[in-house]
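All residue numbers for the sequence shown refer to our numbering, where the first residue is 87 and numbers rise by one. Don't be surprised by glycine CBs; every beta carbon is placed ideally from N, CA and C.
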Amino acid sequence: MTTDTPKAQQSFALSEAEIDQFHQQGFIGPFTAYEPDEMREIWRRTRLQMLDRSHAVYPDDELSGATNISNYDRHLDNDFLAAHIGKREIVDRVASILGPDVICWRTEFFPKHPGDEGTDWHQADTFANASGTPQILWPDNAEFGGTITVWSAFTEAKVENGCLQFIPGTHQQMNYDETKKMHYDPNSINGVDKDGVRRGFFGYDYRELQVDPDWKPDEDAAVSQIMEPGQFIIFWSTLMHASHPHEGLTNDMRMGFATRYVPSSVSVYPGSDHIEEYGGRISLERYGSVLVSGENKNPGNRMVTETTRGKKF
Ligand SMILES: O=C(O)CCC(=O)C(=O)O
Ligand SMILES: [Fe+2]
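What follows is the structure, encoded as structure tokens:
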């Protein structure tokens with residue numbers, strides 16, 4: 087007999103001190119989900135699998151220019167990504183912040199190719215930022231809004247190839263008004279200089295949403311999140327976050343994979359049957375949130391059930 091806890095029962099819940107730190111700073115990590123060599127091998131395989139869209143829930147040809155949204159939710163057709171969103175190292179930590187009933191409502195790839203601009207400073211509460219329509223709504227009595235994002239480094243992320251940047255402690259107050267409109271201009275991509283740094287938001291300019299048009303992010307307080315392949319970091323989407331440009335000094339792509347979690351009581355895509363943003367439009371017909379912990383507390387949400395999953399995979 088061994089007294090070691092079997093791996094399946096090991097809990098990765100955050101400690102009280104870590105939860106306090108998370109609430110103060112708006113982020114915590116990085117933590118390790120995979121060893122660097124393991125992640126390199128997984129990514130080599132998964133990167134190729136991503137090219138096969140035959141089971142992807144959104145076709146990428148509904149409207150031209152839809153590359154950002156056709157990147158969404160590949161966990162609904164890829165086995166590795168499906169396992170990743172439910173990985174104990176991640177979900178135990180997220181549940182220790184959000185409570186036991188947790189859904190994953192969105193995943194997104196964030197590639198940064200050599201020479202790409204940095205991601206603009208931004209915060210997201212309802213995720214109406216690009217579509218003009220709230221994508222998540224917390225119950226009326228909720229203390230918080232936004233989502234927990236777990237950003238996993240599928241490749242190395244360092245300053246020169248565009249790692250994330252956070253401004254600690256900025257998650258309690260929105261500097262952007264998501265009921266305002268941003269204008270999509272794919273020609274602006276990689277073309278806008280902001281105080282000496284090339285930054286944009288995939289064809290949008292986040293400054294258009296500023297509550298105070300004269301305000302500027304306190305970039306002196308920004309911290310760079312340098313990560314090994316296989317590490318992940320947890321942050322509120324309402325935290326001021328951005329990324330450095332890829333300087334193009336090396337030809338390695340930086341690949342981040344963001345998984346977004348909320349308590350299962352939150353309404354996802356309320357009243358919408360499609361998403362329209364980044365110049366594209368996708369139907370939510372085959373979409374479902376995935377219950378990664380506990381129970382579903384919102385009968386109104388479209389969920390991936392064993393039956394729909396059978397059809398999707
Ligand atoms: O990876 C990036 O550059 C941006 C990621 C981001 O904004 C997010 O995960 O919410
Ligand atoms: Fe973001």
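Cβ-Cβ separation, residue j to residue i (assumed contact under 8 Å), whole Å
i, j, result
"residue 136", "residue 211", "Not a contact, Cβ separation roughly 29 Å."
"residue 217", "residue 361", "6 Å"
"residue 253", "residue 304", "6 Å"
Same chain only: Cβ atoms within 7 Å of residue i, ignoring 5 sequence neighbours per side
i, result
"residue 192", "158, 159 and 346"
"residue 416", "For residue 416 there is no data in the structure shown, the boundaries of the chain being 87 and 399."
"residue 126", "315"
"residue 389", "374, 375, 377 and 382"
"residue 262", "208, 209, 292, 295, 296 and 297"
Buried versus exposed call for residue i [16 or more other C-beta atoms within 10 Å across all chains shown]
i, result
"residue 337", "exposed"
"residue 375", "buried"
"residue 387", "buried"
"residue 243", "buried"
"residue 289", "buried"
"residue 277", "exposed"
"residue 354", "buried"
"residue 166", "exposed"
"residue 154", "buried"
Neighbourhood of residue i by C-beta, 6 Å cutoff - its chain only, sequence neighbours within 5 removed
i, result
"residue 381", "187"
"residue 342", "196 and 237"
"residue 292", "206 and 208"
"residue 198", "248, 332 and 340"
"residue 351", "225, 383 and 384"
"residue 284", "203 and 331"
"residue 100", "179 and 182"
Cβ pair residue i, residue j closer than 8 Å
i, j, result
"residue 174", "residue 98", "yes"
"residue 328", "residue 258", "no"
"residue 282", "residue 275", "no"
"residue 117", "residue 325", "no"
"residue 172", "residue 334", "no"
"residue 115", "residue 320", "yes"
"residue 348", "residue 176", "no"
"residue 111", "residue 255", "yes"
Residue-chain proximity (residue i, chain C), Cβ-Cβ < 8 Å
i, result
"residue 99", "Absent here is chain C; the protein component of the structure consists of one chain."
Spatial neighbours of residue i in its chain, beta-carbon cut-off 8 Å, leaving aside the 5 residues before and after
i, result
"residue 317", "115, 116, 117, 118, 119, 238 and 239"
Self-check item: Whole runs of the alpha helix (DSSP H) within the segment 207 to 237, excluding any shorter than 4 residues
Solution: none
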